[in-house]
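Enquirer: Below are the structure tokens for one structure; questions will follow.
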Amino acid sequence: MKFIVPILVGAAIGYTTNWIAIKMLFRPYYEKRFLGVHIPFTPGLIPKERGRIARSIGETVGSYLLTPEVVMKSLSHGRLDDYIRIWVESNMDRFKKEKRSIGDFIIKSEKEGYERFLKTIKERVAEFICSQLRKEESKQRIIDLVESHILHSSSENILKSINQNMELFLYQLVESDNMKFELTNALETGIENLEREDRRLEEVLPHDFILIIKESIQNQNKTIVSIIKEMLENPSMELKIKGMIASLVSQNMSKVITMFLSPDIISDKVFNGIKEHIDKPEISESIALILVTMTDKVLEYKVGDLTTGISSKLQGDEIIKVSDSILSHISTEENMDRILHIVEERINSSQPEIEKKALELISNEIEILFVSGKLDHGIDLILDQMVESILDRPIASILANIDDATIENMIELCKTIFDDFVKNRLPGIVELFNISKIVEDQINSFDVEFAEEIILQIAHKELKAITWLGALLGGIMGILSPLLQRI
842 MKFIVPILVG
852 AAIGYTTNWI
862 AIKMLFRPYY
872 EKRFLGVHIP
882 FTPGLIPKER
892 GRIARSIGET
902 VGSYLLTPEV
912 VMKSLSHGRL
922 DDYIRIWVES
932 NMDRFKKEKR
942 SIGDFIIKSE
952 KEGYERFLKT
962 IKERVAEFIC
972 SQLRKEESKQ
982 RIIDLVESHI
992 LHSSSENILK
1002 SINQNMELFL
1012 YQLVESDNMK
1022 FELTNALETG
1032 IENLEREDRR
1042 LEEVLPHDFI
1052 LIIKESIQNQ
1062 NKTIVSIIKE
1072 MLENPSMELK
1082 IKGMIASLVS
1092 QNMSKVITMF
1102 LSPDIISDKV
1112 FNGIKEHIDK
1122 PEISESIALI
1132 LVTMTDKVLE
1142 YKVGDLTTGI
1152 SSKLQGDEII
1162 KVSDSILSHI
1172 STEENMDRIL
1182 HIVEERINSS
1192 QPEIEKKALE
1202 LISNEIEILF
1212 VSGKLDHGID
1222 LILDQMVESI
1232 LDRPIASILA
1242 NIDDATIENM
1252 IELCKTIFDD
1262 FVKNRLPGIV
1272 ELFNISKIVE
1282 DQINSFDVEF
1292 AEEIILQIAH
1302 KELKAITWLG
1312 ALLGGIMGIL
1322 SPLLQRI
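Mapping the sequence shown onto our numbering, position 157 (from 1) lands on 998, and the numbers just tick up by one.
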């Protein structure tokens, strides 16, 4: 008994002391006072130093446990690549079997904000497109595109199409009743205007045209003489000329002379003399001079005097016959080919000018379009149609033709995006979180009793061992006391 009692007493004291010390870490939870005097050791150590402890734990976690490097290292391993692969493949398989449209899928996922989100996206995209198109460099790119890929590259096809359509157009125009009607009216109106014209012919015709006529008469005098000779060789023309000469002689000669010299003989002599002397140069020059003089005389006449009576002779069916004759002459294959050839040559020769004018017209129209609200309205309509078309398509139809190679590329793309995010974005995000502050605030937000429960759960075995260690040390101290007394 002499040794047992000290051992038990020492063990009890050691156990109780350590148990009380552990309890004093947490208890009491709040400061205690007696008669206004602060009671020592209140509150407990952990409640009293909770702020400092929370700050120390937060700094430790933020500086050593959950640093950006640690988070990046934990995310940079092969298992994450496998997870990305499984995630992409499983979702692709699921979407390939999805019968719903994209719109239905989005509505189910986010029904409340779907319409608002869709409207906002359309507006933002439309604003962006319109703002980009209205920039001067965008306008110039559009004009350059039209010039290089439409006007220059397709000009040959355009001209070919114009020529083909022009041929058909001309044939239809010439054969149309409207053309006949308009030409008939134009002839009637033109004749009436000519009869009312009070100016002289030389005032109406261009001066250069008159000079050309006179020069042609003088330069072509031999041709004119040849034509006259051909006319004189014509028997009917010969009879008419001889008859005119004989009649003229009969009217201007006395009957006594005509008894000895017949007018027919005189007309034969004169006619033969004309034929013999007409080839002489002075005769041809005289003929040219006579024609030029006659031309001057004709030019002095008023247009109305020259055309008087035409309308009375050309009325109704006669004018229609004239217009039909003109159109028939134009509609012959030879003349139509000539007209088309002239038009084609004119178009080809004017191609640079046509392209320039067309480009100016297109440029002006683009400028007007971009300034007006039609551009915004048109872009809105296009976007609405595109978005509706996309949203109405079943998800499975969009992904139906995606092969394994494409899926593999998508997996690699996801890995690349995630790796880039981890390396370049995640460190900043982790630092932005301020983990030290989060841990500190979270610990400070815990109730003291809850914090005690957490710590006791974590260190239950260790604290129990410390308590029994106190009992062991107390027992050892208890047995040492009798032993020392005996010495």
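Built from N, CA and C at the ideal position, the CB exists for glycine as well.
Using a Cβ-Cβ cutoff of less than 6 Å, which residues in the same chain neighbour Leu866 once the five nearest sequence positions on both sides are dropped?
Expert: Here the question's residue 866 lines up with position 25 in the sequence shown. So the qualifying residues of the chain are Gly885, Leu886, Ile887.
Enquirer: According to DSSP, Arg1040 sits in a beta bridge with which residue or residues?
Expert: Here the question's residue 1040 lines up with position 199 in the sequence shown. The partner list for Arg1040 (beta bridge, DSSP) is empty, contrary to what the question assumes.
Enquirer: Do Thr1025 and Ile1161 have their beta-carbon atoms positioned less than 8 Å apart in this structure?
Expert: Counted from its first residue, the sequence shown places residue 1161 at position 320. Counted from its first residue, the sequence shown places residue 1025 at position 184. Cβ atoms of Ile1161 and Thr1025: closer than 8 Å.
Enquirer: For Arg1179, which option in Lys938, Lys976, Asp923, Glu1008 has the closest C-alpha, if you only look at C-alpha atoms?
Expert: On the sequence shown, position 338 is the one that residue 1179 refers to. The shortest Cα separation from Arg1179 among Lys938, Lys976, Asp923, Glu1008 belongs to Glu1008.
Enquirer: Quick one: is Glu1281 buried, meaning 16 or more other Cβ sit within 10 Å of its Cβ, or exposed?
Expert: The count along the sequence shown starts at 1 and reaches residue 1281 at position 440. When all chains shown are included, Glu1281 counts as buried.
Enquirer: Given a cut-off of 8 Å on the beta-carbon distance, is the pair Ile1239 and Val929 in contact?
Expert: Here residue 1239 refers to the residue found at position 398 of the sequence shown. Here residue 929 refers to the residue found at position 88 of the sequence shown. For Ile1239 and Val929, no; Cβs fall outside 8 Å.
Enquirer: Between Met1078 and Met1085, is the Cβ-Cβ spacing less than 8 Å?
Expert: Looking up residue 1078 in the sequence shown gives position 237. Looking up residue 1085 in the sequence shown gives position 244. No, Cβ-Cβ distance for Met1078 and Met1085 is not below 8 Å.
Enquirer: When the Cβ atoms of the region 1188–1202 are set against those of the region 1062–1070, are three or more pairs found closer than 8 Å?
Expert: The region 1188–1202, when compared against the region 1062–1070, does not touch it at the 8 Å Cβ threshold.
Enquirer: Is the distance from the Cβ of Ile1284 to the Cβ of Ile970 below 8 Å?
Expert: The count along the sequence shown starts at 1 and reaches residue 1284 at position 443. The count along the sequence shown starts at 1 and reaches residue 970 at position 129. No, the pair does not count as a contact, with Cβ atoms beyond the cut-off.
Enquirer: Compute the Euclidean distance between the alpha carbons of Asp1146 and Ile1051, then round it to the nearest angstrom.
Expert: Translated into positions along the sequence shown, residue 1146 becomes position 305. Translated into positions along the sequence shown, residue 1051 becomes position 210. Their Cα atoms are separated by approximately 19 Å.
Enquirer: Reducing DSSP to helix, strand and coil, say where Ser1172 ends up.
Expert: Here residue 1172 corresponds to residue number 331 of the sequence shown, with the count starting at 1. In the structure shown, Ser1172 sits in coil (DSSP, three-state: anything other than H, G, I, E or B).
Enquirer: For Val878, write down the residues that DSSP places opposite it in a beta bridge.
Expert: Working through the sequence shown from its first residue, we reach residue 878 at position 37. Phe875.
Enquirer: Count the other C-beta atoms from every protein chain shown that fall within 10 angstroms of the C-beta of Ser1191, then say buried if there are 16 or more, exposed otherwise.
Expert: Taking the first residue of the sequence shown as 1, we reach residue 1191 at position 350. By the neighbour-count rule (16 or more Cβ atoms within 10 Å), Ser1191 is not buried but exposed.
Enquirer: Looking only at its chain, what residues have a beta carbon closer than 7 Å to the beta carbon of Glu1293, apart from the 5 residues adjacent to it on each side?
Expert: Start at 1 with the first residue of the sequence shown, and residue 1293 comes out as number 452. Closer than 7 Å at the Cβ level, and outside the excluded window around Glu1293, lie Phe867.
Enquirer: Between which two residues does the alpha helix (DSSP H) harbouring Ser1057 extend?
Expert: Looking up residue 1057 in the sequence shown gives position 216. Start and end: 1048–1060.
Enquirer: Taking Thr901 as part of the alpha helix (DSSP H), name the residues at either end of that continuous run.
Expert: Stepping through the sequence shown from its first residue, residue 901 is reached at position 60. That run of the alpha helix (DSSP H) goes 891–901.
Enquirer: Quick test of the definition: if touching needs 3 or more C-beta pairs under 8 Å, does the region 936–946 touch the region 1223–1236?
Expert: As far as the Cβ criterion goes, the region 936–946 touches the region 1223–1236, which means the pair count is three or higher.
Enquirer: Hey, how far is the Cα of Leu921 from the Cα of Ser931?
Expert: In the sequence shown, residue 921 corresponds to position 80, counting from 1. In the sequence shown, residue 931 corresponds to position 90, counting from 1. Near 15 Å, if we compare the C-alpha coordinates of Ser931 and Leu921.
Enquirer: Touching or not, the region 850–858 and the region 1312–1320, by the rule of three or more beta carbon pairs under 8 Å?
Expert: Yes: the two stretches touch, three or more of their Cβ pairs being nearer than 8 Å.
Enquirer: So for Ser942, helix, strand or coil by DSSP?
Expert: The residue you call residue 942 lines up with position 101 of the sequence shown. Strand at Ser942.
Enquirer: Are the Cβ atoms of Met913 and Leu1273 separated by less than 8 Å?
Expert: On the sequence shown, residue 913 is found 72 positions in, with the first residue counted as 1. On the sequence shown, residue 1273 is found 432 positions in, with the first residue counted as 1. No.
Enquirer: In angstroms, rounded to a whole number, what distance separates the CA positions of Pro869 and Ile927?
Expert: Mapped onto the sequence shown, residue 869 falls at position 28. Mapped onto the sequence shown, residue 927 falls at position 86. Looking at the two C-alpha atoms, the distance is approximately 54 Å.
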